[in-house]
Amino acid sequence: MKAPRDPAALARVGGLLLATVVLWPLAVIGEFRPWVLFEAQNLRVMGGFLGGFLPPASGGEFLAYLGQATIETLAMASAGIALAFVVAVPLAVATTQALSISRLGPGPGRRRGELLRAGLRILLVVLRGIPELVWALLFVRVLGLGPAAGVLALGLTYGGMLAKVYAEILESGDQRPARALLEAGGSRLQALCYGLLPGVAQELTSYTVYRWECAVRASVVMGFVGAGGLGQLMDQSMKMLNGGEAASILLTFLALVLAADALSAFFRRQLGEAGTAGHAAALGPLPLAILASLGGAVLASFAWLDLGLGALLSRAAAASIADFFASFWPLDLSAGWLWKVGQGALETLAISVLGTLLATVCALLLALPASGRHGALLEQATRFVLNALRSVPELVWATLMALAAGLGPFAGILALALHTSGVLGRLFAEALQNAPATPRDALLEAGTPAGVAFLYGSLPTVTPQLLAYALYRWEMNIRMAAILGFVGAGGLGQLLYVELSLFHQAQASTVIAAMLLLSVAVDAASASLRRRLG
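Going by numbering that gives the first Met the number 0, the first residue of the sequence shown is number 0, and it counts up by one from there.
This is the structure we're talking about:
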């Protein structure tokens, strides 16, 4: 009897060959050389540095600095997300089609409304397309060192993100009540408050809390350019090669991320239960109490940070800021500089693609035990590893990998791979847990080995979801890859850091424009691939 053949084998081989052809040049550009990790000199340097991590620093003076930096990081995240909310709400209301009076029929305001929305959408692309670390670096040049630069950077980048998602949530809800109010002569504000918000309040609040969780991680990263908090303390410890202090800060990172995750998950769960119970605004007494507590925490955050943002409203400050940003125009479009920026863009693309690809493979391997398929003890241990990987910011991983592999894009690839493995591993494990067991069980009952049953029974059912997660993460990684060069990991970030340090604003503005264009291109490519997978 002839052995059965895999009907998709030829397609898989063809896809593998195509991937090799595409990835080989990126591997060359990204200086992908894993063997350097095992060179004697690099092992000695890395081993000596990691050996200094034990024991973690526990001196009273350092712990006081650590506690203050932790509070500053939380305050920065809370104040930043509050500022982002203030930016996002009017932009979301202005850009959403759900509140467009012109949708009710043609009229003289139709074209003006469409042009306004198109212009504001371009503004949102700029706000969220430029990484928050770049905004922070620019504001540090204007305002000096301190948390004010980080709060403003979070406000702009996250304001663009929140506005886009808010508008999409408003458009995805039931628009008939809002449209009825508009047709009856009601205002846009009335249509928003009484027609749209009651149906989507739960989802809007849940996403805002999730973004605060992300802002905590971002606040840590922005300290690397002098915006205060744990990141700035970590940067100082790493530069002094003080492993004990670095270990204590890393443990604080882990505790902070786990606490933020737990609070965010608890709040979203409460919102879900309130919505299921049918409370009027999708909020029960406990979520409302938590919302009030969060409001108090935001006010306390602004008081603690003492940002002095009011001074920015003075005429002298506004003129100084305007002069600074005007110095970035016009862009340097000389052939030699464009060639150099193009090389940096290719390095950044290579870092993002290879880092995401490595992370996808590692995440799948870690997701198998994390999904509970090999016992509860191994599941808990693997989930701890995943949490540890994602709790360490990419810039910290990049600094460590630069010690292990040397400066250059390969350190950035490893940094992205390590952090993203933790993020994707958690998502992959949840997808595998929720996968239907029937196809796998049928193969197992037929005598198929467990590994083959997983490959042909479980994996195909979740592959589209896993690929969608990986593509979403690639969109985020292209922004992070663009700034890993701040710690010597190559790409556009290294170019930008050098040019800003030399006060070459025209050249720096060209790099920022390249970051924005690359981010938009990757977003479009990822969205196109997800549509095809769907």
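Glycine included, C-beta positions come from ideal geometry on N, C-alpha and C.
Option nearest F502 by Cα separation, candidates R425, L203, F324 and I350 = F324
request  = Give the straight-line distance between the Cα atoms of L466 and V164, rounded to the nearest whole angstrom.
outcome  = 21 Å
ask   = Given a threshold of 16 other Cβ atoms within 10 Å of its Cβ, counted over all protein chains shown, does T19 qualify as buried or as exposed?
value = exposed
message = Three Cβ pairs or more, each shorter than 8 Å: is that satisfied between the stretch 360–369 and the stretch 392–410?
response = no
Local Cβ density within 10 Å of V21, reported as buried at 16 or more and exposed below that = exposed
query = Taking Cβ positions, are M514 and A481 nearer each other than 8 Å?
reply = yes
query = Going straight from the alpha carbon of S518 to that of G446, what length do you get?
reply = 48 Å
query = Going by the CB atoms, is the gap between A414 and W396 shorter than 8 Å?
reply = yes
task = Could you check if W211 is buried or exposed, using at least 16 other CB atoms within 10 Å of its CB as the buried criterion?
result = buried
ask   = Do three or more CB pairs link the stretch 380–391 to the stretch 420–428 at distances below 8 Å?
value = yes
request  = Buried or exposed for S508, please, with buried defined as at least 16 other CB atoms from any protein chain shown within 10 angstroms of its CB.
outcome  = buried
Residue closest to G172, alpha-carbon to alpha-carbon, out of L151, L196, L188 and G158 = L196
ask   = Between the beta-carbon of D331 and the beta-carbon of Q493, is there less than 8 Å?
value = no
request  = Could you tell me which uninterrupted alpha helix (DSSP H) segments, each at least 4 residues in length, are contained entirely in the stretch 359–412, listed from first to last along the chain?
outcome  = 375–390 and 393–404
inquiry  = Quick check on R43: does DSSP put it in helix, strand or coil?
reply    = helix
ask   = Whose C-alpha, out of M221, Q231, V208 and A93, is nearest the C-alpha of R187?
value = A93
query = Can the beta-carbon of F84 be found less than 8 Å from the beta-carbon of L203?
reply = no
task = Would you kindly work out how many angstroms separate the C-alpha atoms of V256 and A520, rounded to a whole number?
result = 30 Å
Per-residue DSSP class, three states only, for L515 = helix
query = Could you give the distance in angstroms between the alpha-carbon of L426 and the alpha-carbon of M475?
reply = 15 Å
query = Of the choices E346, P89 and Y206, whose alpha-carbon is the least far from that of L122?
reply = P89
query = With a CB to CB cut of under 7 Å and the five nearest residues on each side skipped, what residues in its chain are close to A430?
reply = V461, Q464 and L465
ask   = According to the neighbour-count rule (16 or more other Cβ atoms, all chains shown, within 10 Å of its Cβ), is P448 buried or exposed?
value = exposed
ask   = Within this structure, are the beta carbons of L491 and G343 separated by less than 8 Å?
value = yes
message = On the criterion of 16 or more Cβ atoms from any shown chain inside 10 Å, does E71 qualify as buried, or is it exposed?
response = buried
task = Can you give me the Cβ contacts of L470 inside the same chain, cut-off strictly under 7 Å, excluding the 5 residues immediately before and after it?
result = S525, L528 and R529
Continuous alpha helix (DSSP H) stretch holding G79: start and end = G59 to T94
key: Neighbourhood of H278 by C-beta, 6 Å cutoff - its chain only, sequence neighbours within 5 removed   = Residue placement at H278 is poorly supported in this model, since its pLDDT is 45, which falls under 50; the coordinates still yield a value, given next. Here the set comprises nothing.
request  = Check the C-beta distance from G158 over to V86 and give it rounded, since I have them as a contact under 8 Å.
outcome  = 3 Å
ask   = Does the separation of the CB atoms of I350 and G29 fall below 8 Å?
value = yes
message = For V352, which residues in the same chain have their Cβ closer than 7 Å to its Cβ, ignoring the five residues on either side in sequence?
response = L25
inquiry  = So the candidates are R140, G198, Q231 and L348; which of them puts its Cα closest to the Cα of L499?
reply    = R140
ask   = Where does R178 sit, in a helix, a strand or coil, going by DSSP?
value = helix
task = Give the range of the alpha helix (DSSP H) segment to which L306 is assigned.
result = First-last for L306: undefined, no H or E at that position.
ask   = Should W23 be labelled buried (16 or more other beta-carbon atoms within 10 Å of its own) or exposed?
value = exposed
query = Starting from G29 and walking both ways along the alpha helix (DSSP H), at which residues does that stretch end?
reply = Element bounds for G29: n/a, residue is neither H nor E.
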